[in-house]
Amino acid sequence: MTLDLRGSFAQKSVLVTGGLGFIGSHVARRLVDLGAQVAVVDSLVPDYGGNPINVEDVRERISVTVADVCDPGVMRELAPGRDYVFNLAGQVSHSDSMEVPRLDLRNNCEAHLSVLEACRRLAPNAKLVFASTRQVYGRPLYLPVDEAHPCEPVDVNGIHKWAAERYHLLYDRVYGVRSVCLRLTNTYGPGQLVKHSRQGVMGWFLRKVVEGGEIEIMGDGTQLRDFNYVDDVVEAMLRAAATPGAWGRVYNLGATPPVSLRELAELMLEIRGAGSYRLVAFPEARRRIDVGSVHVSYEKVRAELGWEPQVPLREGLARAIHFYEKNLARYLA
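The sequence shown begins at 708 in my numbering and counts up by one.
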């Protein structure tokens, strides 16, 4: 499927929530390249991943607001006249959500209701793309997981992400706030958070590999995962926003073939040429919310939006490792 993305976004007014974060900053930079008028908003909560250096190369070409989208006054200022909203704000740590569930409720439900209400009242023609997660499925009943799989989240973060999906689809159906939800799998690449291990394995693996340290893999290392390079995820988001038939729909993003965590670590160490890994037991709190092996089907998004991943895992890992070889210290500061 051929889409004229420049024609869709050039001179359009676009807001990216969570726009100083990992994926949001990549969306913002791609939109700038397509000629859009881009504004980003980010609360810059410590340890969530937002970082001004993620947009330093386009800082003079975008508008940046450091604020919390839960504040109605913020969205009253930012929403009017928008053609598109890429709604990527929130927190993604499953373990943090179990420790502080009410904060996760605020960041992953209240925040999105604030965005949706502002669009309903002040930007009724805006088209929204919401970044959800395959974590909404919980422990898979079959593999690969498709969009028909039951949603049984195993942690607070998964429940809130699923609720936020339903908000977007409800506002699409009832109020005509055109929305599409993408269930992301493990997204990786330059700019992702590497300070701690609470936002998935890839950022922490990247840090350990670049530092020449030892990767710790919880469990026996046979757990299967699929990984998307961030550029591919951005392409999917733009296609979803630019395709009228996507409104009111939910799509998985994914990659084939899946790899085990042990295979992932071995590949990263091979690319880097240094380091090691070992297997460790799950801490009890992590074991209770672990989903085992999981990878998803992206046949629906391929058929309806013409999307499939373009960056092979080895190539994407090499790009990410090379980036952090040059920039790790800046992302740990």
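Even for Gly, the Cβ is constructed at its ideal location relative to N, Cα and C. Fair warning: this is a prediction, and the values are worked out from it, not measured in the lab.
Any idea what DSSP makes of residue i, helix, strand or coil?
| i | result |
| --- | --- |
| Cys816 | helix |
| Ile978 | helix |
| Leu1035 | helix |
| Arg1009 | helix |
| Ala868 | The question names Ala, but residue 868 in the sequence shown is Lys. Three-state DSSP puts Lys868 in a helix. |
| Asn761 | helix |
| Glu921 | strand |
| Asp811 | helix |
| Leu849 | A small fix is needed here, since residue 849 is Tyr in this sequence, not Leu. Correct three-state label for Tyr849: coil. |
| Leu835 | strand |
| Phe793 | strand |
| Val745 | strand |
| Tyr755 | coil |
| Arg890 | strand |
| Ser1079 | Since the first residue shown for the chain is 708 and the last is 1040, residue 1079 is missing from the structure and cannot be characterised. |
| Phe1030 | helix |
| Phe729 | helix |
With a CB to CB cut of under 8 Å and the five nearest residues on each side skipped, what residues in its chain are close to residue i?
| i | result |
| --- | --- |
| Asp764 | Arg736 |
| Arg783 | Ala825, Leu829 |
| Thr709 | Gly1013 |
| Val852 | Arg841, Tyr844, Asn959, Val1001, His1002, Val1003, Ser1004 |
| Val762 | Gly726, Leu727, Ser732, Ala735, Arg736, Val747, Ile769, Val771 |
Report the CB separation of residue i from residue j in whole angstroms; it is logged as a contact under 8 Å.
| i | j | result |
| --- | --- | --- |
| Gly982 | Ile922 | 7 Å |
| Asp933 | Val1018 | That pair is no contact at about 13 Å. |
| Val799 | Leu722 | Going by Cβ atoms, the distance from Val799 to Leu722 rounds to 20 Å, so no, they are not a contact pair. |
| Val836 | Glu872 | Their Cβ separation, rounded to whole angstroms, is 12 Å, which puts Val836 and Glu872 out of contact at 8 Å. |
| Arg993 | Met909 | Not confirmed; about 16 Å, so no contact. |
| Asn794 | Val752 | Asn794 to Val752, Cβ: 16 Å. No contact. |
| Ser804 | Ala774 | The Cβ separation is near 23 Å, so there is no contact. |
| Leu1035 | Val917 | 5 Å |
Tell me whether residue i is buried or exposed, calling it buried when 16 or more other Cβ atoms sit within 10 Å of its Cβ.
| i | result |
| --- | --- |
| Asp754 | exposed |
| Ser1004 | buried |
| Tyr1038 | buried |
| Arg811 | A small fix is needed here, since residue 811 is Asp in this sequence, not Arg. Label assigned to Asp811: buried. |
| Phe716 | buried |
| Gly961 | buried |
| Glu806 | exposed |
| Asp862 | buried |
| Glu977 | exposed |
| Gly725 | buried |
| Arg841 | buried |
| Asp778 | exposed |
| Ala1010 | exposed |
| Val881 | exposed |
| Phe989 | exposed |
Do we get a CB-CB distance below 7 Å when we pair residue i with the residues of chain D?
| i | result |
| --- | --- |
| Gln744 | As a matter of chain content, chain D is missing from the structure shown, which is built from one protein chain. |
Measure the C-alpha to C-alpha separation of residue i and residue j and round it to an integer number of angstroms.
| i | j | result |
| --- | --- | --- |
| Ala972 | Arg985 | 10 Å |
| Ala953 | Val987 | 42 Å |
| Ile866 | Val776 | 20 Å |
| Leu820 | Tyr874 | 7 Å |
| Gln899 | Pro831 | 32 Å |
| Pro759 | Leu727 | 6 Å |
| Ala949 | Pro964 | 28 Å |
| Val734 | Gly896 | 13 Å |
| Tyr849 | Gln744 | 43 Å |
| Asn959 | Gly780 | 33 Å |
| Ala786 | Glu970 | 44 Å |
| His903 | Lys868 | 22 Å |
Tell me which same chain residues have a C-beta within less than 7 Å of the C-beta of residue i, skipping the five on either side of it?
| i | result |
| --- | --- |
| Gln930 | Ser967, Leu968, Gly999, Ser1000 |
| Arg885 | Lys834, Leu835, Asp879, Trp954 |
| Val957 | Glu854, Glu872, Cys888, Arg890 |
| Arg768 | Val739 |
| Gly1023 | Tyr895, Gly896, Tyr936 |
| Lys915 | Glu921, Ile922, Gly982 |
| Val1008 | Ala943, Tyr958, Asn959, Leu960, Trp1014 |
Output needed for residue i: all residues of its chain with C-beta closer than 6 Å, excluding positions within five of it in sequence on either side, in chain order.
| i | result |
| --- | --- |
| Thr772 | Val748 |
| Ala746 | Leu722, Ser770 |
| Leu945 | Leu712 |
| Gly788 | Ser720 |
| Phe1030 | Pro897 |
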